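Peer 1: Numbering (the working numbering), first residue to last: 618 to 774. Structure in C-alpha cells, see below.
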C-alpha cells in the first residue's frame, strides 16, 4: 500500500502506444525522504519536483476514487511519437485528460497535448491542467486548476 501502478490507456483506436505502466507512490512525503529532500526549499529546487507533484496529484485522485468505494479509473497516455498526457480519468461516458505542471503559472503550451489527444480520441471531454499556483480559471483551451482546488471537482460522475 505504498505505491500503485498507473496503467496506460489502451484500445484499438490508436496503434503504437507505450504500454508500460507508471509507478506512483501514495505518500509523497516518503518519496521526498527517500530522495533526501528534507525541506520545502529543497523540494522547490529539486530536479524531480515535477515528477513528485505529478505523483501527488495521481495519488489524490486515487484516494478520491477509493474513498468513494470505487475502483480507480485512472490511466495515462503515451505513444511512440512522443504525445503524452499525464492522467486520463475515465468517468464512464467520457474521459478527462489531465496535464500536471508543478509551476505556479500555466505555460502557454500546457494545453497542446490535451488538444491533440482530444483530436484523436472522441471520448475526451474536459481538458485540464492541474498546476502549483493559486488561481483556477477556464479558457477556450480547457481548465487550469490550482492544486488547492483539486477536491472541488467532481472526478467521479
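Think of the CB as a built atom: it goes at the ideal place given N, C-alpha and C, for glycine as much as any other residue. This structure is a prediction, so every number in the text was calculated from the model and none was measured.
Is residue 625 helix, strand or coil when you go by DSSP?
Peer 2: One-based indexing of the chain shown puts residue 625 at position 8. If DSSP states are grouped into helix, strand and coil, residue 625 belongs with the strands.
Peer 1: Would you kindly work out how many angstroms separate the C-alpha atoms of residue 669 and residue 735, rounded to a whole number?
Peer 2: The residue labelled residue 669 in the question sits at position 52 within the chain shown. The residue labelled residue 735 in the question sits at position 118 within the chain shown. For residue 669 and residue 735, the distance between alpha carbons rounds to 26 angstroms.
Peer 1: Can you say whether residue 645 is buried or exposed, counting buried as having 16 or more other CB atoms within 10 angstroms of its CB?
Peer 2: Taking the first residue of the chain shown as position 1, residue 645 is located at position 28. By the 10 Å Cβ count, residue 645 comes out buried.
Peer 1: Would you be able to state if there are at least three C-beta pairs under 8 angstroms between the stretch 684-692 and the stretch 618-629?
Peer 2: yes
Peer 1: With distance defined between alpha-carbon atoms, name the residue in 666, 709, 657 nearest to residue 771.
Peer 2: Position 154 of the chain shown holds residue 771. Measuring from the Cα of residue 771, the nearest candidate turns out to be 709.
Peer 1: Which value, in whole angstroms, describes the spacing of the CA atoms of residue 702 and residue 711?
Peer 2: Counted from its first residue, the chain shown places residue 702 at position 85. Counted from its first residue, the chain shown places residue 711 at position 94. Roughly 16 angstroms separates the two Cα atoms.
Peer 1: With a CB to CB cut of under 6 angstroms and the five nearest residues on each side skipped, what residues in its chain are close to residue 677?
Peer 2: Position 60 of the chain shown, counted from the first residue, corresponds to residue 677. Excluding positions up to five away in sequence, the list reads 767.
Peer 1: Residue 662 and residue 649 - do their beta-carbons sit closer together than 8 angstroms?
Peer 2: Translated into positions along the chain shown, residue 649 becomes position 32. Translated into positions along the chain shown, residue 662 becomes position 45. Taking 8 angstroms as the Cβ cut-off, residue 649 and residue 662 do not qualify as a contacting pair.
Peer 1: Measuring only the C-alpha atoms, how far is residue 752 from residue 666?
Peer 2: Here the question's residue 752 lines up with position 135 in the chain shown. Here the question's residue 666 lines up with position 49 in the chain shown. Between residue 752 and residue 666, the C-alpha separation is close to 20 angstroms.
Peer 1: Smallest Cα separation from residue 742: which of 696, 713, 674?
Peer 2: For the purposes of this step, residue 742 is taken as residue 125 along the chain shown, with counting starting at 1. Closest by alpha carbon: 713.
Peer 1: Suppose only complete runs of 3+ residues qualify. What are the beta strand (DSSP E) ranges in the stretch 658-694, listed by chain order?
Peer 2: none
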